[in-house]
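*Asks:* Please find one structure pasted underneath; my questions will follow.
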Amino acid sequence: MLRTQIRRYSVKDIPFEAVPRNRYNQSRSAFNFKPKATPGLVHNPSHAIFQPSQRTPRAFLPPSDPRLKLKDVLSMSREDVEECPLIYNASQREYDLTPEIVSEIVELRTQDPATWTVGKLAKKFGIEQHKVNVLTATVSKERKTQLEGELNDIKTKWSRNKLKGRNDRSKRKQMWLRNEF
Amino acid sequence: MLRQVIKRTAAKNISLVRTSGYVASRSYHVTKFDSRLKTEYQLLTDYSSYKHTIYTHRLPESTAEQCPLLIALHSRLNLPKEYQLSTLSQALNMQQFGSDGLANNFGLSTLGKNLLSYYTCEYLVMQYPRLPMAVHNTAVDAYMGKLTLAEIGKSWGIEVDTVSKLQHFLSQEPEAMKYGRLRFQLEEEKNTVKEDGVYELSQVEMESVDTNNEFIPKEIEAYASAVQAVIGGLYTHVGENATKAFIHDHILSRKLPVDKMFQFSKPTRELVRLCDKLGFTDPVELRLIAETGRLSAHAVYVAGAFVGKEKLGEGVGSSLKEAKTRAVVNALMGYYLYSPIDQDGNEPKLPSEAGYVFEEASVGGGDVAI
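Below, the structure is given as C-alpha cells:
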C-alpha cells in the first residue's frame, strides 16, 4: 500500500532547496566569515601542551644540534617569566646542616622515638620536617613497622567509600608521574 | 612453587650420579646428563673417550619443496631465492634430537638472536641516546622479547604441529606437510586432551618457572625461536645487509611508545640534580603560568619548569601540586626522549651504515643519581 503510494509520487513534485530557507540569511549575515589564507610559510603550533617526544626544550639540546639555529618562537621574555608566581626555587636549597647536628638528631631519635617525634625534632633544631624524615629514615625500623601497624588499624575503620577515595587518589598520583591523563 | 622446583632439580642431580655420563648443559653450574645424545665412552673417568653417537641430518630440498606450507611462508615473507626451503623447515624445528633425526633450529636461532639484539640496540641507542637504562631495557624487550617475537611469528602465519601420528595417518595427510609446521611438542603431548583456558604445567615447564614466578609457555618460546631462526637462516644464505633490512622491516618498523614506559618516583629532585649535572647557571624554578577557578570545585592550574627564561616543561593540573609534578615530569621526559638529527634534518646514520662518523653521533650523559 505504502510502497505503491511512494512509487506513484513523482520527484519533480517536491520543491528543491539546496540550502534551507529561514529567517537567518546565510549570504548576508555578519557572521559569514570567509577563511583568508596567509601567503607563505606559517607557524601554527598545536594548541595542546607539547608532548616531550615531539619537541626537546632548547636548554636540553646539545650545542651541535641544528635545531638551535631555528628561530626561538616559544620561549618567553625574562620579564614575563618573572611575573609568574614562584612555586619552587632550587636556588633556595640550604646546606646549613652540620654533621654534629645530624648525629644529635639521629641519636635522639634512636634513643626515644616516642618522645622525640619528627615534628618535635624539627622544631628543636629549626629545620623542615621532611629533612628530619630523610635523616632518620633508616634508624628506627621497629618504630616504622609499629606506625604502619597503627595506620593499618585506622584503615580498617574507614568506610568503603573513603577507602576507595584514598586508593583512587594514590592511583591518580602515579598517573602524574607517568605523564598520563 | 619455587621451592618445589629447586627440590626437583636437586633430586634429579643425585639420580644423575648413577647414569653413564655427564654433558655440560647450556646453564653454567649444573651438569646434566642428556640421554638423547647417545653418549658412548670406553672408560668412565676418561673424558677424552666420550663421544656423542647421535646422527642428525638436514631435510632434503626435494622433500621440502613438496610442502605447500613452506612455499607459502617463503613467499609471504618475500624471502630471496637463495633462501632454501629446507633451512626454513629447520627454523621451524625446535625438537631436540627428535625421533626423525632432523637438525633443529638451536644454532640458527642463537645466530638470529645475536643479530636481532645488535641491530635493535644500535637503532635504539641512536634514536634515543639519553634513555635511562631501565627504559632502554624495556624498549629492547618490547622490540625483541619472546612475547613480541611470538606475536610476530603468529602474524607470519606459522602453524603449530599438533597432529599426532595416528591423526596424520587417518587423514591421509602427505608426509611433507609436517615439515612446514612449528614442531616442539612431543608425540605423547599431542594426544592429551586440552581444555580451553586451562593449562597444566609439565615437569619440564615446572623447571622453567623463574624466580619471579613468571612462566612463558613452551609455545611462545617455540614461536620466538622460530622467528629468530628465520633471521639466522637469512644471514647464512644472503648475508648481513639483507638481514639488516629484514630486521628493520619486520621488527624495528613496529611502533613503540617509548614515552609510555616512564615512571618517575621523585621527579623534582631528579630534575634539579639533572640541571646541576648539565651545569646551567640559572637555578631550576617552578612557576605558575596561569590559573582559573581557584575557589571553585574544578580549579585548573598551569605550571611551568624554567631555567632562566628557558621553559623546560609545562603541566596542567587540578591542584598546584599536580600541575607542578606534571610540569617537572614533562621536562624530564623532554630531556630523556631527545632524538638527534643531522645537519640536513635527517635521522643520523647508524654505525652499521656507510658514512657513519662517530664524532657526529650524540652520546648520552648517563643516568642521574637521586
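Quick note, the sequences are listed as chains U and L, same order. Residue numbers are given in the UniProt record's numbering: position 6 of the first sequence equals residue 6, and the series is strictly consecutive. Residue numbers are given in the UniProt record's numbering: position 293 of the second sequence equals residue 293, and the series is strictly consecutive. C-beta: ideal position from N, C-alpha, C; glycine also.
Do you know how far the Cα of E207 (chain L) is from the Cα of A10 (chain L)?
*Replies:* Because A10 (chain L) carries a pLDDT of 39, less than 50, the predicted location of this residue cannot be relied on, and the following value inherits that uncertainty. Using only the alpha carbons, I get a separation of about 11 Å.
*Asks:* Compute the Euclidean distance between the alpha carbons of A18 (chain U) and S27 (chain U), then round it to the nearest angstrom.
*Replies:* 13 Å
*Asks:* Just by C-beta distance, which residues in the segment 158-182 of chain L are closer than 8 Å to chain U?
*Replies:* None of the residues of the segment 158-182 of chain L has a beta carbon lying less than 8 Å from any beta carbon of chain U.
*Asks:* Can you tell me whether N93 (chain L) is buried or exposed? The criterion is at least 16 other CB atoms within 10 Å of its CB, across all chains shown.
*Replies:* buried
*Asks:* Based on the DSSP secondary-structure assignment, which residues constitute the bridge partners of A305 (chain L)?
*Replies:* L:L286, L:G313.
*Asks:* Is it true that the CB of E291 (chain L) sits closer than 8 Å to the CB of V300 (chain L)?
*Replies:* By the CB criterion at 8 Å, V300 (chain L) and E291 (chain L) fall inside the cutoff.
*Asks:* I'd like the ranges of any beta strand (DSSP E) spanning at least 3 consecutive residues and lying wholly in the segment 186-213 of chain L.
*Replies:* none
*Asks:* Using 10 angstroms around the beta-carbon of residue 183 (chain U), count the other beta-carbons present and answer buried if the total reaches 16, otherwise exposed.
*Replies:* Nothing can be reported for residue 183 (chain U), as the shown portion of chain U is limited to 1 through 181.
*Asks:* Can you pull the chain U neighbours of Q263 (chain L), defined as C-beta to C-beta under 9 Å?
*Replies:* Q174, L177, R178
*Asks:* Rank L:I341, L:A242, L:D196 by C-alpha distance to the C-alpha of R67 (chain U) and give the top, closest one.
*Replies:* L:I341
*Asks:* For the 8 Å Cβ check, are there 3 or more pairs between the segment 245-265 of chain L and the segment 69-79 of chain U?
*Replies:* Touching, no.
*Asks:* Assuming S117 (chain L) and M144 (chain L) are in contact, meaning their beta carbons sit under 8 Å apart, how far apart are those beta carbons, in whole angstroms?
*Replies:* 7 Å
*Asks:* Any C-beta of chain L within less than 7 Å: which residues of the segment 37-48 of chain U qualify?
*Replies:* none
*Asks:* Do we get a CB-CB distance below 8 Å when we pair D65 (chain U) with the residues of chain L?
*Replies:* True, the Cβ-Cβ gap to chain L drops below 8 Å.
*Asks:* Nearest-angstrom Cα distance between P63 (chain U) and L252 (chain L)?
*Replies:* 29 Å
*Asks:* Assuming contact is defined by CB atoms lying nearer than 8 Å, are A369 (chain L) and A226 (chain L) in contact in what I supplied?
*Replies:* no
*Asks:* Using a C-beta cutoff of 8 Å, does V316 (chain L) count as contacting chain U?
*Replies:* yes
*Asks:* Any chance the segment 328-337 of chain L sits against the segment 121-133 of chain L, with 3 or more Cβ pairs inside 8 Å?
*Replies:* yes
*Asks:* In this structure, how does DSSP classify T110 (chain L) when only helix, strand and coil are distinguished?
*Replies:* helix
*Asks:* Closest Cβ-Cβ distance between R3 (chain L) and chain U: below 8 Å?
*Replies:* Because the pLDDT of R3 (chain L) is 42, which lies under 50, any placement of that residue in the model is unreliable, and the question is left without a value.
*Asks:* Going straight from the alpha carbon of L234 (chain L) to that of A224 (chain L), what length do you get?
*Replies:* The straight-line gap separating the alpha-carbon atoms of L234 (chain L) and A224 (chain L) is approximately 16 Å.
*Asks:* Have a look at V272 (chain L) and A331 (chain L) and give me their C-alpha separation to the nearest angstrom.
*Replies:* 11 Å
*Asks:* Check F353 (chain L) in the structure and name its three-state DSSP category.
*Replies:* At residue 353 (chain L) the sequence reads Glu, which differs from the Phe that was named. In this structure, E353 (chain L) counts as coil in the three-state DSSP scheme.
*Asks:* Whole alpha helix (DSSP H) runs in the segment 211-259 of chain L with 4 or more residues, listed along the chain?
*Replies:* 218-238, 240-250
*Asks:* Just the C-alpha distance for T110 (chain L) and P57 (chain U), rounded to the nearest angstrom, thanks.
*Replies:* 42 Å
*Asks:* From the DSSP secondary-structure annotation, give me the bridge partner or partners of residue 443 (chain L).
*Replies:* The structure shown does not extend to residue 443 (chain L), since chain L is modelled only from 1 through 370, so no value can be given for it.
*Asks:* What is the residue span of the beta strand (DSSP E) that L86 (chain U) lies within?
*Replies:* First-last of the beta strand (DSSP E) with L86 (chain U): 86-89.
*Asks:* Looking at chain U, is there any beta carbon in it that lies within less than 8 Å of the beta carbon of L350 (chain L)?
*Replies:* no
*Asks:* Report the three-state DSSP secondary structure of V328 (chain L) (helix, strand or coil).
*Replies:* helix
*Asks:* Along the segment 78-96 of chain U, where does the CB come closer than 7 Å to a CB of chain L? Name the residues.
*Replies:* Those residues of the segment 78-96 of chain U that come within reach of chain L (Cβ to Cβ, closer than 7 Å) are R78, V81, C84, P85, L86, I87, Y88, N89, A90, S91.
*Asks:* Give a yes or no on whether the minimum CB-CB distance between T138 (chain U) and chain L is below 8 Å.
*Replies:* The C-beta of T138 (chain U) comes no closer than 8 Å to any C-beta of chain L.
*Asks:* Just to check my reading of the structure: L177 (chain U) and V329 (chain L) have Cβ atoms closer than 8 Å, yes? What is that Cβ distance to the nearest angstrom?
*Replies:* 6 Å
*Asks:* From the DSSP output, in three-state form, read off T110 (chain U) for me.
*Replies:* helix
*Asks:* With which residues is H52 (chain L) paired in a DSSP beta bridge?
*Replies:* L:T39
*Asks:* DSSP state of G21 (chain L), grouped into three classes?
*Replies:* With a pLDDT of 42 at G21 (chain L), under the threshold of 50, the modelled position of that residue is not reliable, and no figure is offered here.
*Asks:* Does K311 (chain L) pass the burial test, meaning 16 or more other C-beta atoms within 10 Å, or should it be called exposed?
*Replies:* buried
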